[in-house]
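Notes follow the structure.
Chains as they are written, first to last, in my numbering: chain A, 1 to 108; chain B, 1 to 114.
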């Protein structure tokens with residue numbers, strides 16, 4: 001099956017800093033999503049982005065499908081951004097395969 | 001919309017007991033997924049339904065696990081008999097693949113088997 005690798009696995013930021021999270025995948029995809037799992041365990045949709053660029057407030061994402069990667073940008077990070085960020089993809093079929101996540105801690 | 005609704009939110013049970021987790025997907029969604037999350041294995045897809053029909057259950061760990069979707073608004077995941085290694089958070093998610101939309105997760109059922 002398709003492999004999804006995220007980097008870095010862990011990230012510590014000072015409040016106000018910017019960061020870039022990366023997701024590499026091993027095959028062509030027809031769906032790519034970014035999720036944020038907050039400290040209470042809730043999985044929140046951030047972006048549906050099989051290709052191109054999207055922005056939502058301080059977050060933006062870019063997927064370069066031909067090169068098999070996606071990037072999630074967090075600008076002016078806040079403590080509420082802490083949690084785990086997951087990238088998930090589908091290729092053949094509709095099963096969403098998750099990467100291992102990037103655990104982010106934003107310090108005040 | 002109320003989102004994906006799961007119950008129970010938390011359950012503690014003794015080894016050997018039957019556990020039933022329930023899920024109500026978002027109205028109008030035609031796909032439903034059960035995931036399990038543990039520290040060791042991350043998020044694993046257990047089973048996926050499309051239009052109430054199980055499409056792929058290759059992620060179901062063993063015969064002790066079963067899932068049903070009797071109608072478009074309800075699904076269950078059953079573990080019988082339960083074992084301590086089944087302790088995990090079980091997520092249900094739903095989506096509308098026909099329009100290529102995102103999938104949405106419920107808040108999860110936190111299961112502890114002692």
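In this text, a Cβ means the ideal position worked out from N, Cα and C, and glycines have one as well.
Predicted model only: the values in this text are computed from it and were never measured.
- Going by beta carbons, residue 106(B) and residue 19(B) fall outside the 8 Å limit.
- For the C-beta of residue 95(A), the chain B residues within less than 7 Å are, from N- to C-terminus, 45, 48, 56.
- For the pair residue 45(A) and residue 35(A), the CB atoms are nearer than the 8 Å cut-off.
- Of the residues 49(A), 68(A), 16(A), the one whose Cα lies closest to the Cα of residue 60(A) is 49(A).
- Annotation: Cβ neighbours of residue 86(A) in chain B (cutoff 9 Å, chain order): 42, 43.
- Listed in chain order, the positions of the segment 13-37 of chain A with a beta carbon within less than 9 Å of a beta carbon of chain B are 30, 31, 33, 35, 37.
- Just so you know, the alpha carbons of residue 19(A) and residue 71(B) end up roughly 44 Å apart.
- Separation of the CB atoms of residue 100(A) and residue 9(A) is rounded to 7 Å, and the pair is thereby assigned contact status at 8 Å.
- Against chain B, a Cβ distance below 7 Å from residue 43(A) picks out 91, 105.
- Cβ neighbours of residue 11(A) within its own chain (closer than 8 Å, five residues either side excluded): 19, 21, 102, 103, 104, 105.
- Pairing residue 34(B) with residue 26(A), the inter-Cα distance amounts to about 24 Å.
- Assigned with DSSP and collapsed to three states, residue 41(B) falls in coil, not helix or strand.
- Shortest Cα-Cα distance from residue 40(B) to any of 104(B), 94(B), 86(B), 103(B) involves 86(B).
- For residue 10(B), the number of other beta carbons within 10 angstroms of its own is below 16, and it is reported as exposed.
- Taking the CA atoms as reference points, residue 66(A) sits about 14 Å from residue 53(A).
- Inter-residue distance for residue 15(B) and residue 111(B) is about 12 Å (C-alpha atoms, whole angstroms).
- When the beta-carbon positions are compared, residue 38(B) and residue 82(B) stay at least 8 Å from each other.
- Residue 5(A) is bridged by DSSP to 24(A).
- Take the alpha-carbon of residue 30(B) and the one of residue 58(B): they are about 20 Å apart.
- Under the 10 Å beta carbon count, residue 63(B) is surrounded by fewer than 16 other beta carbons and is classified as exposed.
- Residue 92(A) and residue 32(A) have their alpha carbons spaced roughly 13 Å apart.
- In this structure, the alpha-carbon of residue 75(B) lies about 23 Å from that of residue 84(B).
- Going by beta carbons, residue 92(B) and residue 43(B) fall outside the 8 Å limit.
- The three-state secondary structure of residue 88(B), taken from DSSP, is strand.
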